[in-house]
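Chains as they are written, first to last, in my numbering: chain A, 78 to 325; chain B, 78 to 325. Glycine included, C-beta positions come from ideal geometry on N, C-alpha and C.
There are 2 protein chains.
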Amino acid sequence: MSNCLTLPGLTCSDCRMSPLCLPLSLHADEIGQLDAIVSRGRPIHKDDYVYHSGNPFHSIFAVRSGAIKTYAVDSDGHEQVTGFHLPGEIFGIDGIGQESHRNTAVALETSSVCEIPFNRLSELSIALPTLQKRLFALMGMEVNENQELITLLSKKSAEERVATLLLNLSARNHARKLSSIAFRLPMSRSDIGNYLGLTLETVSRVFSRFQKTKLLSVDKKEIEILDMEGLRSLISGHDTPPCSEKAG
Amino acid sequence: MSNCLTLPGLTCSDCRMSPLCLPLSLHADEIGQLDAIVSRGRPIHKDDYVYHSGNPFHSIFAVRSGAIKTYAVDSDGHEQVTGFHLPGEIFGIDGIGQESHRNTAVALETSSVCEIPFNRLSELSIALPTLQKRLFALMGMEVNENQELITLLSKKSAEERVATLLLNLSARNHARKLSSIAFRLPMSRSDIGNYLGLTLETVSRVFSRFQKTKLLSVDKKEIEILDMEGLRSLISGHDTPPCSEKAG
DNA sequence: AACAATGTTTGATCTAGGTCAATAAACGGA
DNA sequence: TCCGTTTATTGACCTAGATCAAACATTGTT
């Protein structure tokens, strides 16, 4: 445990996830400077916390391996899952607007994360405009993703919500050179339901229905997408299209 | 129309909204530098667009007067209202993550907006770390607000949603030294419903119910909050609290 | 192997809010 | 002022998904 820093590959430059992660678009020498402020943590176990809601905000984090769930707790004590974070993805941005985190981050499985002190990162971004641009873009993408989730929660049916999540995970797996058709869900049905604004029973029923209609094969947490196009057509199309052609 | 730049008060330093707006936390000389890149637009009318979804992203905007609605259009053509923006507030952040806007911004009433070219703003933020910090904080707050909306859409009843919006508008009016108990809604029932993930009929029914229970007085778009505490208790409290004291 | 603890599936029933429909009030032009 | 258009209210009915409940796997523990 104390010698894990002697393992190979413990710089951003060596990290397989680098092209997806914060270093995206930085030059080799710039990545070196980033490397200097990133600290790579030891593995954390399932159910270990990275930070809690209310903790002072110091750092953002990158997932190196495993999967991290973030959730917010509102005034009533209701938990709302706000994201699932896969290798190469950044989380912890929920603390930037205030002095403290609004979310809690917990490992869904054995994981490892890199910690990036935000003060040092923003200082560095003054010297490296590319990095500043990357940071703004990263936060902007977070805003856009949240807006997509808002639309989903506000307007979509249970089937559309589940299909959207599966296609989203599929695309993210594809981006990290994993199979886009067969993968393991790192989270429970209850986490999925919470994230999608559904009960776990509804999520389970949708999975069953998708199996019956040969869209998916589901074995516990192992998912295989049998009909990608069918899934895609589910999330866009069965509605009045904004008036285009009509034969006649 | 060509002489509107001769009107008084057309710098950030003079603007009454400055303490709420982007210049917050900047020193006088820093505000001067910001001023140099901000262009103040002529008034825009109700239903005029500030930008459309898909437009290339160049600038963010500040509301000087009036009210702006932003909405996203998803693949199905569904519109999702993503925000109502009041004087002193920034909008347009939806374009930062990509090269183009994801939202459309439209005036709900006669308004005026300041345009701030984002490239020049981020350059300036390299010279002014306070400004950089302010920008990060602004985007972080946007993320947090979106997460609150996500929780609302995912977990709250129609009454809680409407009460939350009213209290939110009340607080924002208070921040700009307007009445927190009596104000005019700049948006339609349908906009409110769209934003809150409800139909306009449900919004109307909730307003009626709130009137009947003496929480509000509603006259078309004029709202008076008659029982602030009653409204507050609606949005937090009627649920199993996460087990604390219990006499006995 | 027996066990609790946890997570998943499936069924039966209920309800909040959606949908459809009919007025009614307010607004904006000529 | 009158008329067409948009916006808001209210009612009757319906449905997607929640809730309640039971059975069943799965995992880890002693």
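At a cut of 8 Å, does the segment 233-246 of chain A reach the segment 129-140 of chain A through at least three beta carbon pairs? no
Do the segment 166-174 of chain A and the segment 205-217 of chain B make contact, defined as three or more Cβ pairs closer than 8 Å? yes
Rounding to the nearest angstrom, what Cα-Cα distance links Cys-98(B) and Ile-302(A) in this structure? 48 Å
Report back the beta-carbon spacing between Lys-289(A) and Arg-261(A) to the nearest angstrom; my notes put them in contact at under 8 Å. In fact, because the Cβ distance is near 22 Å, the residues do not count as touching under 8 Å.
Could you please give the first and the last residue of the uninterrupted alpha helix (DSSP H) stretch that includes Gln-175(B)? Neither: Gln-175(B) is in no alpha helix (DSSP H) and is coded neither H nor E.
Name the residues in the segment 217-246 of chain B whose C-beta lies less than 7 Å from a C-beta of chain A; which are they? Gly-217, Met-218, Glu-219, Val-220, Asn-221, Asn-223, Gln-224, Leu-226, Ile-227, Thr-228, Leu-230, Ser-231, Lys-232
Could one say the Cβ of Ser-313(B) lies closer than 7 Å to chain A's Cβ atoms, at least one of them? yes
Would you verify that the beta carbon of Arg-197(B) is, or is not, closer than 7 Å to some beta carbon of chain A? no
Under 7 Å from the C-beta of Arg-179(A): neighbouring residues of chain B: Asn-221, Gln-224
Along chain B, in chain order, which residues have C-beta atoms closer than 8 Å to that of Ile-203(A)? Ile-203, Pro-206, Gln-209
Residue burial classification, Tyr-128(B) (beta-carbon count within 10 angstroms, cutoff 16): buried
Hey, Ile-227(B) and Leu-198(A) are a contact pair by Cβ (cut 8 Å); roughly how many whole angstroms apart? Actually they do not touch by this definition, with Cβ atoms about 26 Å apart.
Taking the straight line between their C-alpha atoms, what separation do you get for Asp-112(A) and Glu-156(A)? 34 Å
For Phe-287(B), tell me which candidate among Met-305(B), Ser-247(B), His-104(B) has the shortest Cα-Cα distance. Met-305(B)
Using three-state DSSP, classify Ile-302(B) as helix, strand or coil. strand
Which of the three DSSP states, helix, strand or coil, is assigned to His-251(A)? helix
Close Cβ partners of Asn-160(B) (< 6 Å) along its chain, the five nearest in sequence each way excluded: Residue 160(B) is actually Gly in this sequence, not Asn. Around Gly-160(B): Thr-147.
Neighbouring residues, chain A, relative to Thr-159(B) (Cβ below 7 Å): Gln-224, Ile-227
With 16 other CB atoms within 10 Å as the buried threshold, where does Glu-35(A) fall? This structure gives no information on residue 35(A), because the portion of chain A shown stretches from 78 to 325.
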